[in-house]
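Quick notes on the structure that follows.
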């Protein structure tokens, strides 16, 4: 179970907080609230009733607190009592956070009010208690009883954090020049109070705000995924079988971005709930409720109103889609296909470390330890772990976490530390999960005749291997970073890298919660720190890159020419005239019946005018018609379909669908009328089956044929 937390924020709302200092455009209050809003929105997003927040206003125009009848508690107001935080209370609190017109109010007294709030709310129960004071230290305070207050907070186990606006912080590297005498004295008094607390923090608010860009990793308490015996052999039949009482916990979990939720506006009665789109100013005070899904099942029934009848879910039969057919499976047949499992955790084999491939790891990691307060199981599990370690082996186990759950095969790896001995496990793939692909070797070429060649144009040369090795070594990041002592360190350590998708979405959602109408700020630079290699490193290894390019003979591929009527012929990088070298004369513009497809593509590739394209399409159309007419049965249909497909594709690429559409309309008319040597409807059926009809706007944006007209074209008349 997650810890219960009670946090009280004390916000200085004095008139001096409306000022701006040290070149900031924001007021001291707005700047300081960046930290407070970030903490509060984290609590709202957690949506836990055990996270309670209270807010106290310091140096307010009015006085509203339980101790207001005593002297020294003036101008202190409780803006929110300790309670769970939601969006409604967040909106209400936003309206209350604004500078006052007074400078009066004692920060030490506000801390006393916060201590009383926490003690009254939490009593003597187990809570994490925190007080956070945000102030500029410009108001007068009474520091006579700070030692007694610190002792009281230590007795109540309250953590005190004081964040000051422009407070001196040598560790952070800030010192305010020409500091006001009252502020300097207040800083000393507040620092003395924090030093008297066993669990206190005193810092500048600037340091706290700067740390907001660093994502905070959510700490999740481990929970059991299995509690029972770990066996080797069958303990029921073999007295020598191994039987250890263990507990299995999750070690790692995949983190996912914040998911969207469907909600409805919460109304007085559930019957009047409806989804709405509200204006931004209408969102104040609006509460939402989760959407409840409901399904209804209908079957065709001519006698029922509307031709459909509702049926109960219990009367439905289970079915699976097989192609376009729904295959019914009865409950008795379905039970046969479902494996019946019982809760178990058993070792089925062992494998040496060097025989296991890391790419077989699948899923999230778990950790198995001996059951608590079970000395016999601890000794037995420790013996197993040490045996695996000494033999340099893994164990393979079958686990069923609950009765009826699907079984998993996991790899058990031993792990030994001074304070813990455990087995880490990770799921293994079943045979159906493994896809084996055969690739040719990288160090040799095997010819068709079976000859093995170690030198080939497809194989890297020694010069290329050396250039690549030098480049990889130069781009090594393992020692490119610098630690706190100025020594070389790993550049992108795991602890310093964050998932931009997860933290960016969280950042945007929290910002939108506080500022519904404002712009979402840009991505924090920390999230993009490792999105690209360091520029200075790339500059250093540019010579290695150039050598690698030269050794690999990398050449730029000419871009594919685009144009409505012209596609330039691809010229070789050497610039040589290949036709002249081979002694071939340039070929004409006539498409031969023996080789129509290459000739058609060649002519289109060198066409510069629309008339050339029209002539080529006319010639290809004539060849297609001749193939249909001269075909004995369907002997030439395949060749005609090939030519038709090429013609269609090439004219789409040249943005001339009109030429093809006119041709295919004429083909359909003559074919159905018997003009191509008799009844050729069987060829028309092939055209329909291959969807070689009109080119509509789905295939070409310049086509004037709609999808409906194209679909209607396939219907014979």
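Residue numbers (our numbering): 76 to 792. All C-beta atoms, glycine included, are put in the ideal place defined by N, C-alpha and C. Just so we're clear, the structure is a prediction, and the values are computed from it rather than from any experiment.
- Beta-bridge analysis with DSSP links residue 469 to 426.
- The Cβ atoms of residue 420 and residue 321 sit closer than 8 Å to each other.
- Given a length threshold of 4 residues, each whole run of the alpha helix (DSSP H) inside the stretch 198-262 is given here in chain order: 221-230.
- Around the beta carbon of residue 81, 16 or more other beta carbons lie within 10 angstroms, which makes this residue buried.
- For residue 103, the enclosing alpha helix (DSSP H) has its first and last residue at 103-121.
- Straight across, the Cα-Cα distance linking residue 438 with residue 498 is about 16 Å.
- According to the DSSP assignment, residue 540 belongs to the alpha helix (DSSP H) that extends over 537-549.
- In this chain, the alpha helix (DSSP H) harbouring residue 167 covers 162-171.
- Between residue 585 and residue 116, the gap from beta carbon to beta carbon is short of 8 Å.
- For residue 569, there is no enclosing beta strand (DSSP E), as DSSP marks it with neither H nor E.
- Secondary structure of residue 432 (DSSP, three-state): coil.
- Around the beta carbon of residue 258, 16 or more other beta carbons lie within 10 angstroms, which makes this residue buried.
- For residue 318, the secondary structure class from DSSP, reduced to helix, strand or coil, is strand.
- Check the Cα spacing between residue 264 and each of 469, 192, 212: the tightest is with 212.
- In the three-state DSSP reduction, residue 595 falls in the coil class, being neither helix nor strand.
- Excluding the 5 residues flanking it on each side, residue 605 has same chain C-beta neighbours closer than 7 Å at 567, 572, in chain order.
- Within the stretch 354-410, the complete beta strand (DSSP E) segments at least 3 residues long are 363-365, 372-375, 383-386, 394-397, 400-403, listed from N- to C-terminus.
- Classified as exposed, residue 707 has fewer than 16 neighbouring CB atoms from the shown chains inside 10 Å of its CB.
- Closest by C-alpha distance to residue 485, out of 504, 599, 556, is 504.
- The alpha carbon of residue 508 has as its nearest neighbour, out of 472, 496, 434, the alpha carbon of 434.
- When 91, 226, 141, 195 are compared, the shortest CA-CA separation from residue 175 is found for 91.
- Within the stretch 750-782, the complete alpha helix (DSSP H) segments at least 4 residues long are 756-764, listed from N- to C-terminus.
- Non-local C-beta neighbours of residue 391 in its own chain, meaning closer than 8 Å and more than five positions away in sequence, comprise 372, ordered along the chain.
- Linking residue 581 to residue 393 through their CA atoms gives a straight-line distance of about 41 Å.
- At the C-beta level, residue 726 and residue 714 stay beyond 8 Å of one another.
- Between residue 370 and residue 376, the C-beta gap is not smaller than 8 Å, which leaves the two residues out of contact.
- Within the model, the alpha-carbon separation for residue 405 versus residue 481 is close to 21 Å.
- In the structure shown, the three-state DSSP call for residue 629 is coil.
- Exclusion of the five residues before and after residue 759 leaves 746 as the residues of its chain whose Cβ lies within less than 6 Å of its Cβ.
- For the set 150, 558, 576, 561, the Cα lying nearest the Cα of residue 601 is the one of 576.
- Per DSSP, reduced to three states, the secondary structure at residue 300 is strand.
- Of the candidates 290, 256, 251, 251 places its Cα closest to the Cα of residue 279.
- Judged by their CB atoms, residue 111 and residue 161 are not nearer to each other than the 8 Å cut-off.
- Residue 627 and residue 539 have their C-alpha atoms roughly 6 Å apart.
- Counting only residues of its own chain and dropping the five nearest sequence neighbours on each side, residue 277 has a CB closer than 6 Å to the CB of 237, 266, 269.
- As the crow flies, the alpha-carbon of residue 296 is around 23 Å from that of residue 304.
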